[in-house]
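K.L.:
Residue 59 is where the sequence shown starts when you use this note's numbering, and the numbers rise one by one after that.
Virtual Cβ for every residue (Gly too), placed ideally from N, Cα, C.
What you are looking at is a predicted structure, and each value in this text was computed from that prediction instead of being measured.
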Amino acid sequence: MKVLVIGDAGYIGSHTLIELDKSGFNFVVFDNLCNSSLKSLKRVEKTIGKTIGF
Numbered sequence: 059m060k061v062l063v064i065g066d067a068g069y070i071g072s073h074t075l076i077e078l079d080k081s082g083f084n085f086v087v088f089d090n091l092c093n094s095s096l097k098s099l100k101r102v103e104k105t106i107g108k109t110i111g112f
């Protein structure tokens with residue numbers, strides 16, 4: 059199942075992505091980065107070993 063995740067480039071969202079991955083979900087992230095950073099998504103990619111669609 060593929061999920062569109064909105065606003066997940068911040069602290070809470072990045073942890074949510076890790077848990078979604080552990081649960082077997084595929085996801086694409088949509089975020090305007092006003093309160094977050096692409097750096098957090100890069101860390102999640104490194105943690106889960108997959109590229110995140112942004």
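1. For Val102, is the classification buried or exposed, using 16 other Cβ atoms within 10 angstroms of its Cβ as the cut-off for buried?
2. Please report whether the beta-carbon of Val86 lies at a distance below 8 Å from any beta-carbon of chain C.
3. Quick one: is Ser94 buried, meaning 16 or more other Cβ sit within 10 Å of its Cβ, or exposed?
4. Using DSSP with H/G/I as helix, E/B as strand and the rest coil, what is Ile106?
5. Within the same chain, show all residues whose beta-carbon is closer than 6 Å to that of Ser72, passing over the 5 residues directly before and after it, in chain order.
P.N.:
Taking the coordinates as given:
1. As a working mapping, residue 102 is identified with position 44 in the sequence shown. Looking at its Cβ environment, which holds 16 or more other Cβ atoms inside 10 Å, Val102 is buried.
2. In summary, chain C is missing from the structure at hand, where a single protein chain is found.
3. Taking the first residue of the sequence shown as position 1, residue 94 is located at position 36. The residue in question, Ser94, is buried, as its Cβ has 16 or more Cβ neighbours within 10 Å.
4. Here residue 106 refers to the residue found at position 48 when the sequence shown is read from its first residue. The answer is helix: DSSP assigns Ile106 an H, G or I state.
5. If you number the sequence shown from 1, residue 72 lands on position 14. Contacts found: Ser98, Val102.
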